[in-house]
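Engineer: Numbered according to the numbering used here, the sequence shown spans residues 165 to 456.
Cβ coordinates follow ideal geometry from the N, Cα and C atoms, glycine included.
None of the values given here were measured: they were computed from a predicted structure.
The structure follows.
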Amino acid sequence: MTPNVVKWTDFAATRGIRIVAIVLIALILNRLLRSLTRRLIPGSRSEGLGRIARMHEDHVKTLAGLLYSAGTAVIVIGSFLTALPEFGFNVTPLAAAAGLASLAVGFGAQHLVRDLINGFFIIVEDQFVVGEAVRIGTVIGRVEHMTLRRTVVRDFLGAVVSIPNGEIAQVANLSREWGQVFVDVSISQQTSSDVALAALERVCAELRGDASWSPVFVDGPRALGVESLGPAGATLRLQIRTVPGRQDDAARELRRRIQNRFEQDQIRWGGVQRVEIIGNESAQGFTARSNP
């Protein structure tokens, strides 16, 4: 045999076996990682789960995908560095250069590192998931996409807003458990608060008993009482607590029913007084009439 054939035979018999072993170990570790991350995800289907369970499943899926991607990257890099010496490369200078490069990149990409770290904690702490409505700073909308680096929100005007995770200092999740809104109703001074509150209680009871609206409510609607007093009359306050995202719809329906009830019961609204001057040109002949 020629020297080259002998050389390659020796390489295959010694180092080739170790390289194959490294590849096989990497594949086994990747399969184990995939199996472990899949076990984190519940086996039941989302259609048969409640809202809270679906939110938990979405969070677990996001976290499992993150762990699998990060673990795969670690396995590939570790296998590559382990196999390099078998090809005659000295990894010590490479490791030192990689350390210096990572240090330089770390100083030059501080914002990127902050985005990744903050994004990791957003996912791990389950602050929000894709599909939920959130308020981040001045942006209010629904989360359409999120990674470790950024969160993409579509606001109520339809604009797609990309927010670096490092800039998220405070976030309000509007899709957890329930939403709440207060409805204020003004009545004139000539209207009794007790009469108006009784009418409001009837409206609330009718709305709670409506089969098309009762599944929306978590608590209420209920009349809390007199919120404030002023020269134009009193302000009465009602409370509505609904499933997330439906509080504004319920408030609009409640206002519509209140208007109809007040018209039926001839309850006068509060507001700005209108003054009409009636009489002739002489000052003594003028009389004033006030209308609400």
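For Glu-308 and Arg-318, which I take to be in contact (beta-carbon distance under 8 angstroms), what is that distance rounded to the nearest angstrom?
Structural biologist: About 5 angstroms; that satisfies the 8 angstroms criterion.
Engineer: With DSSP collapsed to three states, give me the class of Leu-388.
Structural biologist: Looking at Leu-388 - three-state DSSP - the assignment turns out to be strand.
Engineer: Rounded to whole angstroms, how far is the Cβ of Pro-408 from the Cβ of Gly-343, which I believe are closer than 8 angstroms?
Structural biologist: Going by Cβ atoms, the distance from Pro-408 to Gly-343 rounds to 5 angstroms, so yes, they are a contact pair.
Engineer: What first and last residue would you give for the alpha helix (DSSP H) that runs through Asn-337?
Structural biologist: That residue, Asn-337, is in no alpha helix (DSSP H); its beta strand (DSSP E) goes 335 to 337.
Engineer: For a test of the three-state rule: what should DSSP assign to Gln-430, helix, strand or coil?
Structural biologist: Here Gln-430 sits in coil by DSSP.
Engineer: Once the 5 residues before and after Ser-392 are set aside, which same chain residues still bring their CB inside 8 angstroms of it?
Structural biologist: Correct list, in chain order: Ala-398 and Thr-399.
Engineer: Count the other CB atoms within 10 Å of the CB of Ser-208; is the residue buried (16 or more) or exposed (fewer)?
Structural biologist: With a pLDDT of only 47 at Ser-208, under 50, the local geometry of the prediction cannot be trusted, and the value read off the model is given with reservation. By the 10 Å Cβ count, Ser-208 comes out exposed.
Engineer: Please report the residue range of the beta strand (DSSP E) in which Glu-341 lies.
Structural biologist: No beta strand (DSSP E) contains Glu-341, which DSSP labels as neither H nor E.
Engineer: Go to Leu-400, then tell me how far its beta strand (DSSP E) extends in each direction, as first and last residue.
Structural biologist: Looking at the DSSP string, the run of the beta strand (DSSP E) that includes Leu-400 is 397 to 406.
Engineer: For the beta strand (DSSP E) containing Val-458, list its first residue and its last residue.
Structural biologist: With the chain covering 165 to 456 only, the question about residue 458 has no answer from this structure.
Engineer: Would you grab the beta carbon distance between Ile-327 and Val-294 for me? Rounded to a whole angstrom, and I think it's under 8 angstroms.
Structural biologist: Going by Cβ atoms, the distance from Ile-327 to Val-294 rounds to 14 angstroms, so no, they are not a contact pair.
Engineer: Note down, in chain order, each residue of its chain lying with its Cβ closer than 7 angstroms to the Cβ of Gly-283, except the 5 sequence neighbours on either side.
Structural biologist: Cβ within range, chain order: Thr-311, Leu-312, Arg-313 and Asn-329.
Engineer: Check the C-beta distance from Gln-411 over to Ile-404 and give it rounded, since I have them as a contact under 8 angstroms.
Structural biologist: The Cβ separation is near 6 angstroms, so the contact holds.
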